[in-house]
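Novice: Following this message is one structure expressed as structure tokens.
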Amino acid sequence: MDIVQFIVITILFIPLYGLLIWSYFDPREALLFGNRWKYKEDPEPSEKLIRYTKFTSKWGMIGIPILLISLLPGIPLLIRLSPIVILFIMIMGALKIFASEDEV
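Residue numbers (full-length UniProt numbering): 1 to 104.
As structure tokens, this is what we get:
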């Protein structure tokens, strides 16, 4: 991947990164974004859904830079395999969130 392509992709990911930061710090509003017109009153999302939204936002903020770095040419194989490790950790974390219903 050319350095110009990397810069363009980075610039295009800035709004996505902003959306992930917003959904991490205000998950209730992020869940209702664009769907408020469907309800007469604001629905109250469950704690499990809020935890899942924060979890996916956090891993998106961690995973996007690692994915972009692993696409650069000249990167060692160990760093190129990091998206697979991140995917495994995300799946394990999601399983923990869904399995721990009774703890909250």
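Virtual Cβ for every residue (Gly too), placed ideally from N, Cα, C.
Note that the structure is a prediction, hence the values are computed from the model and not measured.
Is the beta carbon of Tyr24 less than 9 Å from the beta carbon of Ser57?
Specialist: Yes, the pair counts as a contact, with Cβ atoms nearer than the cut-off.
Novice: Among Ile84, Thr53, Trp37, which has the Cα closest to the Cα of Ile66?
Specialist: Measuring from the Cα of Ile66, the nearest candidate turns out to be Ile84.
Novice: Using 8 Å as the Cβ pair cut-off and three pairs as the minimum, do the region 3-12 and the region 66-82 touch?
Specialist: Counting Cβ pairs under 8 Å, three or more are found: they touch.
Novice: Quick one, are the C-beta atoms of residue 105 and Ile64 less than 9 Å apart?
Specialist: Examination of residue 105 is not possible in this model, given that the chain is present from 1 through 104 alone.
Novice: Hey, Pro27 and Ile50: beta-carbon distance below 9 Å or not?
Specialist: Yes. Within cutoff.
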